[in-house]
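Below is one structure, written out as structure tokens; the observations come after it.
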Amino acid sequence: MNKQLLLSLVFIFLFSCKSKVTNEAVVYTNDFESNDLSGISNGVISQYNGSAVLGQYNVNENAGNFSLSLSKLPKHDIITISFDLYIHDSWDGNKTDPNGPDIWQMLVDGKTYINTTFSNQECIPGNFCSPQSYPLNYPNSNSNPKGAAYRTDLPGVCATPGANGTTEYKITKTFSHTSGTVVLQCIDKLVQKDSSTPMCDESWSVDNIKIKAITL
Ligand SMILES: [Ca+2]
Ligand SMILES: [Ca+2]
């Protein structure tokens, strides 16, 4: 091997190492099975489908949001937040007043990373199935109900007629972040002016939250 080629290979090796993840620390993980709500405001735990989950939430019956605050994070360049999001029962997607739009948001440090709608309706002949915005942001109307879902065969929270079960989404966001603190907020703006049992009609919960601080 000539000297020039060897130097080139060393350079490529060093360069590729620099862009690799050098350290990855799990700074938060919670499956809620031990009822641990430390760092969480508006925390509510319930049993869903054999697992403890953070929820259910519905702004028409409770706070409609939770906030998770972490501090003393190790030095890092990037954060990855992931969790399971359960959309329960009859969300109306981009329908308008009095049933929607059914908006759900994820904010980190006050900045909006997701501002979307979910539709949990069945697309059967003769039934208008309202579109949803997810995986894009509201008011995009190009996604079918349950679009980009991870699972669509889960039971609803309330077995009311037309409740449409539960849809599971895998949420993962990675972004630049260097602060020693981080605040995750999930918020709904559910609209359901005709419902006498709002929480039964539509709600949401999350499980298996994991936050990683990564150094490059
Ligand atoms: Ca759980
Ligand atoms: Ca609704």
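Add 1388 to a position in the sequence shown, counting from 1, and you land on the number used in my numbering.
Quick reminder that beta carbons are idealized off the backbone N, C-alpha and C, glycines included.
Tell me whether residue i sits in a helix, a strand or coil according to DSSP, three-state version.
i     : result
D1472 : strand
V1545 : coil
Q1509 : coil
How would you write the range of the beta strand (DSSP E) that residue i sits in, first residue to last?
i     : result
D1595 : 1590 to 1603
Y1445 : 1439 to 1445
D1541 : 1539 to 1542
T1555 : 1554 to 1564
E1581 : What sits at residue 1581 in the sequence shown is Lys, not Glu. That residue, K1581, is in no beta strand (DSSP E); it is neither H nor E in DSSP.
V1414 : 1411 to 1418
Which residues does DSSP pair with residue i in a beta bridge?
i     : result
L1456 : I1428, L1572
Y1501 : Looking at the DSSP assignment, Y1501 forms no beta bridge with any residue, so it has no partner.
Is residue i buried or exposed, if buried means 16 or more other CB atoms sit within 10 Å of its CB?
i     : result
N1530 : exposed
L1572 : buried
C1511 : exposed
A1536 : exposed
Y1538 : exposed
N1508 : buried
K1483 : buried
D1485 : exposed
N1343 : For the chain, the structure presents residues 1389 to 1604; residue 1343 sits outside this window and is missing.
| said: Any residue with its Cβ nearer than 6 Å to a heavy atom of ligand 1 should be included. What is that list in chain order? | reply: Those residues are D1419, F1420, E1421, S1439, A1440, V1441, D1595, given in chain order.
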